[in-house]
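First residue of the sequence shown? That's 1 in full-length UniProt numbering, and the numbers climb one at a time after it.
A virtual CB, placed ideally from N, CA and C, is assigned to each residue, including glycine.
Report on the following structure.
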Amino acid sequence: MNTYPIKFRPILKEKIWGGEKLSQILNKKSKSKNVGESWEISGVDENISIVTNGLYKGKSLNELITMFKGDFMGQANISIFGENFPLLIKFLDAKTNLSVQVHPDDKMAKTHHNSFGKTEMWYIMDSDKDAEIVLGLKNDKINSEVLGDINASNVNAIFNTEKVSQGDSYFIPAGKIHAIGAGVLAAEIQQTSDITYRVYDWDRIDDNGQQRELHTELAQKATKISTSNGKSDYRLEHNRTSNLVDCDFFTTNIFEVQGPQKRDYKGLDSFVIYMCVEGSAEIIVNNYSEFISIGETVLIPANCIDVIFNAQGAKILEIYIDPNDAKSKKLAS
């Protein structure tokens, strides 16, 4: 295939908890006041990403996988995932709290939904003063049985909360209770799955005067007790990558571009995704130049050998699947 930095059309999702930061800060084209998510790269049914630049403009993500297979995805990814794109890449804006929720692991998701599970991570791009996230239960004396009896009077005694600020990064494995709190703008990397078990929704009422459905029984089965808050301990260094997450399902690094920088992928059998979380940068692949600014995402096909960056102070998330780490199993047909 002809390899270049591929951009896709963002799929914007209005949410009851959404706001205007995706348009105001990340320049997403929407006049809505409650856009909660921008799906940057998606292989989820009925939400398939479409290319917006270069030779493959107008092609869908699925078409590229079918046409080019290992050259696009990586041979190991094709052998594990078939023609299912394994990651869902998003930006999220929480004007108000998201529901407290939990996601199933691969085994439970396969049994109940014939789907992959949902392990994810967040990188905090912006946060209001004193903004918080929910991460896990308050302590190890609380078990999942309490999830069936949560209300405004006891919620603060059940869930662990963490104050966040720009640059914080958190790993949320499947089975961990979590929620992004009001005032947080984040990049999210996750397995391709849209399965969420809602545990508590802050007694919120929708436009029809109804509370949103809770999934208490499934949430109780999915919840796993975790002692770590999952916060990444990293130091940002000019023109060097720092690892944020390295798990069975994806690897995410961050690097700051100061001047020209070359990334070498000769030994990697995977596509690479870049999410710009600050500033802007020029990306050059095979003499094809593309620019990426804060809030934009590009995909580099797996047959790429190297990538050249030019920028002054851009911060980039680098995402790929290391075949040595990927332990997800191909779904049965």
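Item, Value
"Host beta strand (DSSP E) of Asp306 (start-end)", "306-320"
"Own chain residues within Cβ distance below 8 Å of Asp126, not counting five before or after", "Lys21, Ile25, Gln166, Val184, Leu185"
"Sub-9 Å separation of Leu214 and Ile254 beta-carbons", "no"
"Short Cβ contact (9 Å threshold) for Gly181 with Glu120", "no"
"Buried or exposed by the 16-neighbour rule on C-beta atoms within 10 Å, applied to Asn208", "exposed"
"Inter-residue Cα distance where the pair is Gly58 and Thr66", "15 Å"
"As assigned by DSSP and simplified to three states, the class of Arg198", "strand"
"7 Å CB neighbourhood of Val155 in its chain, flanking five on each side removed", "Tyr200"
"Three CB pairs or more closer than 8 Å across the stretch 186-193 and the stretch 77-88", "yes"
"From Val272, Thr297, Ile283, Asp248, residue whose alpha carbon lies closest to that of Ile80", "Asp248"
"Opening and closing residue of the alpha helix (DSSP H) in which Glu213 lies", "Per DSSP, Glu213 belongs to no alpha helix (DSSP H) and is neither H nor E."
"N- and C-terminal bounds of the beta strand (DSSP E) containing Lys13", "11-19"
"Whole beta strand (DSSP E) elements within the UniProt domain \"Mannose-6-phosphate isomerase cupin\" (243-307), 3-residue minimum", "251-264, 272-278, 280-285, 288-293, 297-300"
"DSSP-derived helix/strand/coil call for Ser79", "helix"
"Thr52 in three-state terms, based on DSSP", "coil"
"Three-way DSSP call (helix, strand, coil) for Asn324 in this model", "coil"
"Beta strand (DSSP E) runs contained entirely in the stretch 105-135, provided each spans 3 or more residues", "120-127"
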